[in-house]
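To keep things clear, I will list the structure first and then write my remarks on it.
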Amino acid sequence: MSRVVHLSKIFTSPKLHNTKTVISAWTKKSHFHIQSCLYSSSKNNGNNKAGGDKSKEKDAIQTHPCSNPSQDTNKENSNLKLRQCKPLDINPLSSPVNCNSKIPSIKDCPTPNLMSEIPDPKCGYEEHDGKHRSRNKTIFLLGLLVVALTMGAVWFVSPLEYKTEKQTEKKETSKGKKKRAIIKTPANSKDIPKKVPYLLIGGGTASFSAFRAIKSSDPQAKVLVISNESFYPYMRPPLSKEIWFNDDKDSVKKLIFKQWNGSERSLFYEPDDFYVECKELMGSPNGGVAVARGWTITELDVVERKAYLDDGSVIEYEKCLLATGAKPKLSPVFQVAIADEKLSELVKTYRNVYDFEETLEMFNDSKSIAIIGGGFLGSELACAMARKDKKHSKRIYQLFPEAGNMGKILPEYLSFWTTEKVKAEGVYVLPQTEVVGVKTENNGLELTLNNGKTLTVDFAIVAVGVEPNTDLAPKSDLEVDPDLGGYLVNTELQARTDLYIAGDCACFYDPRLGRRRIEHHDHSVVTGRLAGENMTGARKPYLHQSMFWSDLGPDVGYEAIGIVDSTLPTVAVFAKATDKDSPKALVTATDEGIRSNIEQVPPECDKYLTEEQKAEAAESRKHSSVADKAEGEDFGKGVIFYLRNDIIVGIVLWNVFNRMSTARQVLKDQRKYEDLNEVAKLFNIHEE
Ligand SMILES: Cc1cc2nc3c(=O)[nH]c(=O)nc-3n(C[C@H](O)[C@H](O)[C@H](O)COP(=O)(O)OP(=O)(O)OC[C@H]3O[C@@H](n4cnc5c(N)ncnc54)[C@H](O)[C@@H]3O)c2cc1C
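Residue numbers (UniProt numbering): 1 to 688.
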C-alpha cells in the first residue's frame, strides 16, 4: 500500500489525537527508511559505519518501500511512484548528450589558397604621382593628429561620471568573459547630499518598500538611498525563475522578464525617471527619492546620527533605515575555492543582477553545470536551466546532502515527490551528496564528492543559503543575534533611536512564534513598509505574518507561512490538481507574478467573516469532504500543517493559491484544533 493511501486513512480519523499518533509513528518509520538508504549506499562504498542488527535493516529495505531519488530516472519521469532503496548510482563522467565529435578540423580543408599565387601589383602611376601622394599623406596624418587631440580634450573636460562608466563598464576575466563592474553614480561624493531627513542604506526590496511608505505619509519627503549595486532598486525573485524563460535576448538585456502568463514586466520597481538626481534632492521643492548607486556605507555613528561612505565622506541623517539584506553562504570547501583566482571564475554564488548576467553567459557556453544546494534557490535554478536547455545539450546536476529537494522544508514524502518532478525537468539530481574537494581540470571544475566519486563540470553555482549582511555591526556598536544572526530590533523594528532595520538583515521579535529572522520577499516588503511608517512617526508594532513562495517553473509552486521546518511533525491533506492549480494559472488569472501582492481574504475563512459570507461558505462545503476526496496520489495540490506542541506554527499551500490570508488567520489563532480536517476545509482544496 502506498504512503498516500496511509495518509488518506489518517485524514479520515475523526479526532486529532488519533491523527497525530498515526502521523508521528509514520514519521519515525520514514526516518528509519532514510537511514536504511544511507546504510545501503555506504555499504556499497565499502564504508559501512551503520551499527545494529544488519539483517533486520536489510529486511527493512526489502519490505518497506523507500524512495531513492538518486536513481537516474530522467527517462522514466512519468512514473513518480516511490521505489526501493538502491545505492547512489551516478556516472558524472559520462559524456554530455549530443556531443558532436565530427566537427571538421581546419586541417581537412582541401582547397589550396589561390590568393598566395597572385603576383605583387606593379603600377606606373605610383612613380609618376609620388610627390603628390607624400604631401597628401602628411596632410592626412596631421588631420588625424588634430582629431585625436580634440577627442582627448573633450574626454578630459567631460563629466567624470561618464568617464568612470566607460572605464569600468565591463571587466574582462581571464577566460575572456566580460564581467559587469560596479559603477559609482554620481561618481563623486560631493554630489551626494551631506545632510538628509531620511537615509536608507541598501537599495533592495525593503528600502524600496520603505521609501514608498515614507512618501505616502510625507509626500514632500526627501529620501536618500545608498546602494552598493549600480542599479536602481529591483526585485530578486524572477532572477531564478521567469527571466530564464524569456528567449528574447534584447529584453533580457534590459532586465525584462515574462511572467508565467507571458506578459512582460521589468525587474525594476520604478522607471529611472521616478528618481531625482542626488545633487538635486535637497533643492527639490516636492522632495523625492534619490539613489546613490555603487556606493557603500562603511560605518554608522548612531549617537551623532552620521553615516560614513566608502570614500570617508559623511552624511548626517534624521532617520535612518538599515536594509542591507543578505549575502550567499559558502561551505568551507567553497570558501577556499572562491579565494583562488582561477577557481573563483568557475565557482559562483547567485544573488543579484551581476550574478544572473554572468551565469547566463557561462550557461550558454557550457555543456555541464553543477548546482550545489537543494533549497528553493538551487531547485528553482536547476529547473529553470533545464527548461532553458531546450535541445538537451547540457547536463545540469543538482547536488545536496538532504534526501530530496527542499528536504529542509517539505515533509519527506513530498520532498521525494518534488525530486522526481525536478528530474522530470531534465535535471540530474544527486541527493545525499556533498562536495569535499574542488580543483580546476582541463578548463573546467572537478568536484570530489563524499562518496569518493568525482564530477567534472564547466562551472558550479553554490546555492546553500544566505547569511544576513551585518557588516556594519562591529564598527557601529550594533547588536547582532548570536543564534539567528541579523541586527536585533524591537517590535517596532528599531535598533536604536532613529535607526530602523528591515528585510533579510533584521532579527525581530514575533510575539506568537518567538524571535525570528526571515529571508523572503514579502517579509522585506512588509518590514520595509512598517519601518518607513515608523520613521514618519507611526509607532506601529510588527505583528504581521509574512509569506513566501517558490515556483519550480510554471507548473509546480507553493506558498508558505510561519515556521516550515521538516523536522516538525506535519499533517497534510491532498487533492487532485486541475489545470487551474499551477503558478501559471494563477498568474494568468491575476497578471501578478509577485505572489505576495495578490493576497485577499477568501470567503471560506468563515470565522472572520460576515454572516452572509459564512452561509455561502457552508453551502459550498456541503459538496466537499476532505476524507472522501483525499486522493493525494500525485500530491497535485494540498495543505500541510506544521505543528509545535500540537499548535499549528507553519503552513505550506502546495499548488493552492489565494489562500494565504486564511493560513495567516489559522496561525494567528494558536489553538489546539480538535480535528485538522476541519481546518483543512477552510482552504477549499477540493474545489474544482
Ligand atoms: C535569486 C533569488 C530568488 C528569490 N526568490 C524568492 C521567492 O521566490 N520568494 C521569496 O519570498 N523570496 C525570494 N527571494 C528572497 C528575496 O528576494 C529577499 O528576501 C529580498 O530581496 C530581501 O530584501 P532586502 O531588501 O532585505 O535585501 P536585498 O534585496 O538583498 O537588498 C539589500 C541591498 O543592500 C545592498 N547593501 C548591502 N550592504 C550595503 C552597504 N553597506 N551600503 C550600501 N548598500 C549595501 C546590497 O548590495 C543589496 O543591494 C529570492 C532571492 C534571490 C537572490
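Yeah, the Cβ is synthetic: ideal placement off N, Cα and C, and Gly gets one too. Please read these numbers as outputs of a predicted model, since none were measured by experiment.
Item, Value
"Cβ pair count under 8 Å reaching 3, the stretch 332-343 against the stretch 213-228", "no"
"Any non-hydrogen atom of ligand 1 closer than 7 Å to Leu552 Cβ", "no"
"First through last residue of the alpha helix (DSSP H) which encompasses Leu200", "Careful: Leu200 lies outside any alpha helix (DSSP H), inside the beta strand (DSSP E) at 195-201."
"Neighbourhood of Tyr509 by C-beta distance below 6 Å, restricted to the same chain and skipping five residues each side", "Thr491, Arg515"
"Pick from Lys348, Tyr500, Leu552 that is closest to Trp260, judged by C-alpha positions", "Leu552"
"Selected residue, minimal CA-CA separation from Gly312, among Lys319, Ile297, Gly325, Pro468", "Ile297"
"Gly204 beta carbon near ligand 1 (any heavy atom closer than 7 Å)", "yes"
"Close Cβ partners of Lys540 (< 8 Å) along its chain, the five nearest in sequence each way excluded", "Glu492, Leu530, Glu533, Asn534"
"Check: Gly325 C-beta below 7 Å from any heavy atom of ligand 1", "yes"
"8 Å Cβ cutoff met for Ile238 and Phe257", "Per the sequence shown, residue 238 should be read as Pro rather than Ile. In contact: Pro238 and Phe257 (Cβ atoms closer than 8 Å)."
"Near ligand 1: Gly537 beta-carbon under 7 Å from a heavy atom", "no"
"Ala473 versus Thr662, Phe274, Thr324, Lys249, residue with shortest Cα-Cα distance", "Thr324"
"Lys423, enclosing alpha helix (DSSP H) - first and last residue", "412-424"
"Classification of His392 by the beta-carbon crowding that lies within 10 angstroms, buried from 16 upward", "exposed"
"Residues bridged to Trp654 [DSSP beta-bridge criterion]", "Tyr558, Gly638"
"Classification of Arg671 by the beta-carbon crowding that lies within 10 angstroms, buried from 16 upward", "exposed"
"Three-way DSSP call (helix, strand, coil) for Thr662 in this model", "helix"
"Whole-angstrom distance between Lys184 and residue 741, CA atom to CA atom", "Nothing about residue 741 can be read from this structure; the chain reaches only from 1 to 688."
"Heavy atom of ligand 1 within 7 Å of Gly373 beta-carbon", "no"
"Under the three-state DSSP convention, the category Val336 falls into", "helix"
"DSSP beta-bridge partners of Leu449", "Val435"
"Residues bridged to Ala290 (per DSSP)", "Leu224"
"Terminal residues of the alpha helix (DSSP H) in which Thr456 lies", "Run containing Thr456: none in the alpha helix (DSSP H); it sits in the beta strand (DSSP E), 454-457."
"Limits of the alpha helix (DSSP H) - the one that Leu430 falls within", "First-last for Leu430: 427-430, but that is the beta strand (DSSP E), not the alpha helix (DSSP H)."
"Those residues which DSSP pairs with Thr570 across a bridge", "Tyr642"
"Straight-line gap, Phe245 to Ala384 (C-alpha atoms, nearest Å)", "7 Å"
"Contacts around Thr536, its chain only, beta-carbon distance under 7 Å, and the 5 residues preceding and following it disregarded", "Ile214, Ser217, Asp218"
"Delimiting residues of the alpha helix (DSSP H) encompassing Ala213", "205-217"
"Distance, Leu399 Cα to Ser415 Cα", "14 Å"
"Through-space distance from Thr359 to Asp247, alpha-carbon basis", "15 Å"
"Contact between the stretch 638-651 and the stretch 661-679 (3+ Cβ pairs under 8 Å)", "yes"
"Candidates Ile501, Val196, Val427, Lys576, of which the one nearest His686 by Cα", "Lys576"
"Neighbourhood of Ile226 by C-beta distance below 6 Å, restricted to the same chain and skipping five residues each side", "Ile201, Ala292, Trp295, Ile297"
"Cβ-heavy atom distance, His544 to ligand 1, below 7 Å", "no"
"Alpha-carbon spacing of His521 relative to Leu145, whole angstroms", "56 Å"
"Proximity of Glu299 and Lys190 at Cβ, strictly below 8 Å", "no"
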